[in-house]
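Each remark here refers to the structure printed beneath this line.
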Amino acid sequence: MTSIRHNDGVLDAARECVLAYGVRRTTLTDVARRAGVSRMTLYRRWPDVRSLVGDLMTREWVRVVEGLDVRDPVRAVVEGVRALRAHPLLRKIVEADPEMLLPYLLQRTGATHEAVLAVLEPAVGDRAKARAILLVAQSFLLSGPTMLGDDALDAELTTLLERYLA
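Each step along the sequence shown adds one to the number in this note's numbering, with nothing skipped, and position 114 is 184.
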C-alpha cells in the first residue's frame, strides 16, 4: 500500500486548498474534506498544515525539475527557473505566505534541494558547481523579479551560467 504521506489525492487536495485560501487559511480539516479522508488519517501523517505543504512543495517542484532535459544544463536551469516562476503554487505562496519559504532559504536544505542537486550534479560533473548553480537559480527565481522582468532575468541567468560553466 502506498504511504499516504506521498498520496497524490491528499497532496492534490492540499494544492487546491492552498491555491484557494493560501497556506495560513488552509486547515487539515479542509484538506481531509477535499481528499475524502478523515482528519485523523491526516493528523497521523502530518502534524500540521506546514508539514503537509512542505511535502506538496517538494512534489510540485521536483516534477518541474524531473521534466527538464539536462543535456544542456544552462538551458535546463533557465527553463526550470522560468517554469517555477510561473508555477501557480509558488506564485500563491510568494504572494500570500512567503514565510513558508524562509526555512529553505535561511536554515536548511530541503528535499527539493537534494532532488535538484541529484539532477544537476551529473549534468555539470561536480557537486560544488551544482550547489553554486542551485543557489544562483534560487536567487533568480525568488529575488530576481525585484530587479528585472522575466525575459531580462532569463538572459542574465543564461549569460551567468554559460560563463560559469565554460
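Here a beta-carbon is modelled for each residue, glycine too, at the ideal position from N, C-alpha and C.
| Item | Value |
| --- | --- |
| Check residue 116 in the structure and name its three-state DSSP category. | coil |
| Using DSSP with H/G/I as helix, E/B as strand and the rest coil, what is residue 236? | coil |
| Between which two residues does the alpha helix (DSSP H) carrying residue 194 extend? | 181-194 |
| Report the three-state DSSP secondary structure of residue 79 (helix, strand or coil). | helix |
| Between the alpha carbons of residue 195 and residue 187, how many angstroms are there, rounded? | 11 Å |
| Out of 174, 181, 190, which one is the CA nearest neighbour of residue 212? | 174 |
| Find the nearest neighbour of residue 132 within the set 191, 116, 150, 122, judged by alpha-carbon distance. | 150 |
| So the alpha helix (DSSP H) residue 208 belongs to, where does it begin and stop? | 197-212 |
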